[in-house]
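Participant:
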Amino acid sequence: MSWTAKNSAAAEIDRREKPYLTQAMRDTLTRELLPRYETMMACTLPALHMVQHAYGWVPPQAMTEIAQFLKLKPAEVLDTASFYEEYALTPQGRHRIAICRSVACEFCGHEKVTQAVKDALGIDVGETTDDGAFTLIELECLGSCGTAPAMLVDETLHENVRPERVARILDDARGDWTEPPAPAGGHPSPG
Ligand code: FES
Numbered sequence: 010m011s012w013t014a015k016n017s018a019a020a021e022i023d024r025r026e027k028p029y030l031t032q033a034m035r036d037t038l039t040r041e042l043l044p045r046y047e048t049m050m051a052c053t054l055p056a057l058h059m060v061q062h063a064y065g066w067v068p069p070q071a072m073t074e075i076a077q078f079l080k081l082k083p084a085e086v087l088d089t090a091s092f093y094e095e096y097a098l099t100p101q102g103r104h105r106i107a108i109c110r111s112v113a114c115e116f117c118g119h120e121k122v123t124q125a126v127k128d129a130l131g132i133d134v135g136e137t138t139d140d141g142a143f144t145l146i147e148l149e150c151l152g153s154c155g156t157a158p159a160m161l162v163d164e165t166l167h168e169n170v171r172p173e174r175v176a177r178i179l180d181d182a183r184g185d186w187t188e189p190p191a192p193a194g195g196h197p198s199p200g
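Going by the working numbering, the first residue of the sequence shown is number 10, and it counts up by one from there.
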């Protein structure tokens, strides 16, 4: 096997006139975040977070704008963004399903949860449904090991997830979940 060098420096990126790193973001970085850190580079993560939060992913143009703003090389921003799987470098579905695959969740059956999501959505990890509603990814520890398996749907953490709960979680995210009527003489059991 041989290594093939990719000429990223000459890569063309889609550009739009309006900057992704808005003036409001620049102001927040300047006034609130940069004073907290010794180096401008330390603000790379918060800047990437801002962009990801606003657009659902981090477009290449946004990385060049962050680099320019923080006086870094674009490659340094790309290295950081591509290291963390939380940052999406391609457009995502309207809802992002992120299942933890680290050790506690692995012991507690995350694979069955992932399979249930794959079956329900008809996509594999890393893919987006045709209607653009969902993207499925796997991440490392979500910090919820005591209630594994855990998954994030957008910014909502779901704990102790069982495969049979997946359909309801997805419907909930779509916004079309309606609570079934309580059976006579009692309430439905939690899902
Ligand atoms: S290992 Fe899954 S939340 Fe920590």
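Think of the CB as a built atom: it goes at the ideal place given N, C-alpha and C, for glycine as much as any other residue. No experiment lies behind these values; they were computed from the predicted model shown.
Are the CB atoms of histidine 119 and proline 158 nearer to each other than 9 Å?
Facilitator: Yes. Within cutoff.
Participant: If contact is defined by three or more beta carbon pairs under 8 Å, each pair taking one atom from either stretch, is the region 124 to 142 in contact with the region 88 to 104?
Facilitator: They touch, by the three-pair rule.
Participant: Going residue by residue through the region 22 to 95, where are the continuous beta strand (DSSP E) segments of at least 3 residues, counting only ones entirely within it?
Facilitator: None, since the region 22 to 95 contains no complete beta strand (DSSP E) of that length.
Participant: Taking 8 Å as the cut-off, does the CB of glycine 65 come closer than this to any heavy atom belonging to ligand 1?
Facilitator: No, since every heavy atom of ligand 1 falls outside the 8 Å radius drawn around the Cβ of glycine 65.
Participant: If you draw a straight line from the C-alpha of aspartate 36 to the C-alpha of leucine 161, how long is it?
Facilitator: Roughly 30 Å separates the two Cα atoms.
Participant: If you scan the region 120 to 165 from start to end, which runs of the beta strand (DSSP E) of 3 or more residues do you find wholly inside it?
Facilitator: Within the region 120 to 165, the complete beta strand (DSSP E) runs of at least 3 residues are 143 to 148 and 160 to 162.
Participant: What residues are listed by DSSP as bridge partners for isoleucine 108?
Facilitator: Its beta-bridge partners are Glu147 and Met160.
Participant: Could you say which of Glu136, Tyr64 and Val60 lies nearest to isoleucine 146 if we only look at CA atoms?
Facilitator: For isoleucine 146, the nearest C-alpha among the options comes from Glu136.
Participant: Do you know whose CA, among Arg24, His58, Tyr29 and Pro28, lies nearest glutamate 164's CA?
Facilitator: Measuring from the Cα of glutamate 164, the nearest candidate turns out to be His58.
Participant: Examine ligand 1 and report whether any of its heavy atoms sits within less than 8 Å of the Cβ of alanine 157.
Facilitator: Within the cutoff, so yes.
Participant: Within a Cβ cutoff of 7 Å, which residues of the same chain sit near lysine 121, ignoring the five residues on either side of it in sequence?
Facilitator: Only Pro172 meet the Cβ criterion.
Participant: Just to check my reading of the structure: tyrosine 29 and glutamate 74 have Cβ atoms closer than 8 Å, yes? What is that Cβ distance to the nearest angstrom?
Facilitator: That belief holds up - the Cβ atoms of tyrosine 29 and glutamate 74 are roughly 6 Å apart, short of 8 Å.
Participant: Compute the minimum distance between the beta carbon of lysine 27 and the heavy atoms of ligand 2, and state whether it is under 8 Å.
Facilitator: Questions concerning ligand 2 fall outside what the structure shown contains, since the ligands it does hold are ligand 1.
Participant: Here's the rule I'm using: 16 or more other beta-carbon atoms within 10 Å means buried, otherwise exposed. How should histidine 167 be labelled?
Facilitator: With 16 or more Cβ atoms within 10 Å of its Cβ, histidine 167 is classed as buried.
Participant: In terms of alpha-carbon separation, which member of Arg177, Phe116 and Ser111 lies closest to leucine 151?
Facilitator: The option with the nearest alpha carbon to leucine 151 is Ser111.
Participant: Once you ignore the five residues that flank leucine 42 on each side, which residues in its own chain have a CB closer than 6 Å to its CB?
Facilitator: The answer, listed in chain order, is Cys52 and Pro55.
Participant: Measure from the alpha carbon of alanine 113 to the alpha carbon of each residue in Ser153, Glu26 and Glu21, then state which is nearest.
Facilitator: Of the candidates Ser153, Glu26 and Glu21, the one whose C-alpha sits nearest the C-alpha of alanine 113 is Ser153.
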